[in-house]
Amino acid sequence: VFSHLVQAPEDPILGVTVAYNKDPSPIKLNLGVGAYRTEEGKPLVLNVVRKAEQQLINDRTRIKEYLPIVGLVEFNKLSAKLILGADSPAIRENRVSTVECLSGTGSLRVGGEFLAKHYHQKTIYITQPTWGNHPKIFTLAGLSVKTYRYYDPSTRGLNFQGLLEDLGAAPPGSIVLLHACAHNPTGVDPTIQQWEQIRKLMRSKGLMPFFDSAYQGFASGSLDTDAKPIRMFVADGGECLVAQSYAKNMGLYGERVGALSIVCKSADVAGKVESQLKLVIRPMYSSPPIHGASIVAVILRDKNLFHEWTLELKAMADRIISMRKQLFEALRARGTPGDWTHIIKQIGMFTFTGLNPAQVSFMTKEYHIYMTSDGRISMAGLSSKTVPHLADAIHAVVTK
Ligand code: PMP
320 VFSHLVQAPE
330 DPILGVTVAY
340 NKDPSPIKLN
350 LGVGAYRTEE
360 GKPLVLNVVR
370 KAEQQLINDR
380 TRIKEYLPIV
390 GLVEFNKLSA
400 KLILGADSPA
410 IRENRVSTVE
420 CLSGTGSLRV
430 GGEFLAKHYH
440 QKTIYITQPT
450 WGNHPKIFTL
460 AGLSVKTYRY
470 YDPSTRGLNF
480 QGLLEDLGAA
490 PPGSIVLLHA
500 CAHNPTGVDP
510 TIQQWEQIRK
520 LMRSKGLMPF
530 FDSAYQGFAS
540 GSLDTDAKPI
550 RMFVADGGEC
560 LVAQSYAKNM
570 GLYGERVGAL
580 SIVCKSADVA
590 GKVESQLKLV
600 IRPMYSSPPI
610 HGASIVAVIL
620 RDKNLFHEWT
630 LELKAMADRI
640 ISMRKQLFEA
650 LRARGTPGDW
660 THIIKQIGMF
670 TFTGLNPAQV
680 SFMTKEYHIY
690 MTSDGRISMA
700 GLSSKTVPHL
710 ADAIHAVVTK
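Structural data, given as structure tokens:
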């Protein structure tokens, strides 16, 4: 009965790894995947995560019963505090509704379906370009997806004027997806002053902010700095949604642990919102997994473990920043034509190199370097040993 099906294409991002795995070359390099790698090119399990897991194993009172539909309640409280700040007025006033979801993706999907069901506007504006999964998540959640200008290829920076014009022209009440920090794929973030202008514009038009926070702590190395744009929107007393992921900042990629927080106007509304979120979640996956949320809760509740986590997080962020500098210097040393300062200016895991699909394809074919066709490279996949190989490839393709 399924013989009529056509073969579906690989996911454009995950497909890069599929192609990489098939390549027998010993010099192959995978810069497609958005996951942290050590200097040795290995995945990293944080020390603090190992400690938390040990604590969980040693606790013989722990059981494996179902979590409630909203997930682990302590995890939800700690997650809201982590993203909104311990002194957040919204938390103090009990007007935040937080549910544990399946990492960032699941939080976006649940938030999207909630809005499609209960919010008067069904259009969500996403940045042009954005993470490839965004349009699919929101379309399937029942929203209509439009884009707003964000990236300026000529400066490899922010098209701030275009952004203000497009959000200014959006119908009142529209939902706007905002990358809280370390914009994927461009690595280009607004400054705090620009965030303030965005906030004012959005509030004056009643646009609904939906923050995607997949990289808290990964951009600057500071959890508080990276959450600042969100906290500015909460401080003004207005509503917003926040999708949080612990994939990158705790290295819990496969645990699928994240949270959706909806900041409401009152505790009464937050209670009703939570009751409706449960109706979205129950028929989707019933309740979320227990293990990842337990690890996060152990780390966030314990002062010492929390501190240790911030150090490990900073070390990951610093290694990425160091890779940016090394790649920039390597291109400079080769005299590679072009302005490559965006490599050190852009923020977070990715550099949007400006290389076009034909150049990417050349680098894959001739140098066995894998990346998404839009020229995005994961700085976390680089090491001091592999920088020269990448610099050689970039030099070759731009001087060809
Ligand atoms: N949003 C953005 C911008 C991302 O880059 C990612 C991960 N690549 C996610 C959300 C979701 O990731 P996860 O579901 O693994 O938390």
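Using our numbering, you'd call the opening residue of the sequence shown number 320 and step up by one each time.
No residue lacks a Cβ here, since even glycine has one placed at the ideal position from N, Cα and C.
Here the structure is a predicted model, which is why all the values come from computation and not from measurement.
Closest in alpha carbon position to glutamine 535, among Phe647, Ser613, Ser564, Ser463, is Ser564. Under DSSP, lysine 465 forms a beta bridge with Tyr444. Contact check for phenylalanine 433 and glutamine 595: beta-carbon distance about 7 Å, within the 8 Å limit, so the pair qualifies.
When secondary structure is reduced to three states using DSSP, isoleucine 696 falls in the strand class. Around glycine 423, the same chain offers Ala533, Ala562, Ser564, Gly577 as residues with beta carbons nearer than 6 Å, after the five sequence neighbours per side are excluded.
Within the region 571-599, there are no complete alpha helix (DSSP H) runs of at least 4 residues.
Inside the region 332-401, DSSP marks whole alpha helix (DSSP H) runs of 4 or more residues at positions 333-341, 366-377, from first to last along the chain.
Residue list for the ligand PMP: Gly353, Ser422, Gly423, Thr424, Trp450, Asn503, Asp531, Ala533, Ser564, Ala566 (CB closer than 5 Å to any heavy atom, chain order).
Contact between the region 698-716 and the region 348-359 is present: three or more C-beta pairs spanning the two stretches fall below 8 Å.
For proline 408, the enclosing alpha helix (DSSP H) has its first and last residue at 408-411. Rounded to the nearest whole angstrom, the CA to CA distance from isoleucine 494 to lysine 519 is 15 Å. By a beta-carbon distance limit of 8 Å, aspartate 471 does not contact histidine 498. Their separation comes to about 16 Å.
Looking at Ile549, Val389, Glu627, Gly673, the one whose alpha-carbon comes closest to that of proline 607 is Val389. Using a Cβ distance threshold of 7 Å, glycine 570 and leucine 365 count as a contacting pair. Where aspartate 545 is concerned, the enclosing alpha helix (DSSP H) starts and stops at 542-554.
DSSP places valine 507 outside any beta strand (DSSP E), giving it a letter other than H or E. When C-alpha distances from leucine 401 are compared across Leu579, Pro454, Arg379, Leu674, the shortest belongs to Leu579. When secondary structure is reduced to three states using DSSP, isoleucine 618 falls in the helix class. Between the region 553-561 and the region 394-409, the count of C-beta pairs closer than 8 Å reaches three or more; the two stretches touch. Setting aside the 5 residues that flank it on each side, valine 617 is surrounded in the same chain by Ala371, Gln374, Leu375, Leu624, each with a C-beta closer than 7 Å to its C-beta; the list follows chain order. As summarised for the region 611-694, the continuous alpha helix (DSSP H) elements at least 4 residues long and confined to that stretch are 622-653, 661-664, 676-686, given in chain order.
DSSP places proline 328 outside both helix and strand once states are collapsed to three, so it counts as coil. Glycine 492 and glutamine 440 do touch by the CB rule: their CB atoms are close to 4 Å apart, below 8 Å. Put simply, the backbone Cα of glutamine 512 is about 19 Å away from that of lysine 524. Under the DSSP assignment, serine 564 falls in the beta strand (DSSP E) whose first and last residues are 559-564.
Residue pairing for aspartate 531: DSSP places it in a beta bridge opposite His498, Ala562. Between leucine 397 and valine 415, the beta carbon gap of about 12 Å keeps them out of contact (Cβ cut-off 8 Å).
By DSSP's assignment, threonine 417 forms a beta bridge with Ser580. Taking C-beta atoms under 8 Å as the contact rule, valine 592 and isoleucine 581 qualify, at a distance of about 5 Å. Excluding its 5 nearest sequence neighbours in each direction, threonine 670 has C-beta neighbours in its own chain below 8 Å: Gly506, Arg643, Leu646, His661, Ile662, Arg695, Ile696, Met698, listed in chain order.
Restricting attention to Ala538, Leu496, Pro509, the CA atom closest to the CA of phenylalanine 529 is found in Leu496. With contacts defined by Cβ atoms closer than 7 Å, alanine 612 and glutamate 384 do not form a contacting pair. Taking alanine 586 as reference, the option from Glu412, Thr655, Glu329 with the minimal CA-CA separation is Glu412. Distance from the CA of glycine 654 to the CA of proline 345, rounded to the nearest whole angstrom, comes to 27 Å. Secondary structure of leucine 459 (DSSP, three-state): helix. Here leucine 520 carries a helix assignment [DSSP, helix/strand/coil].
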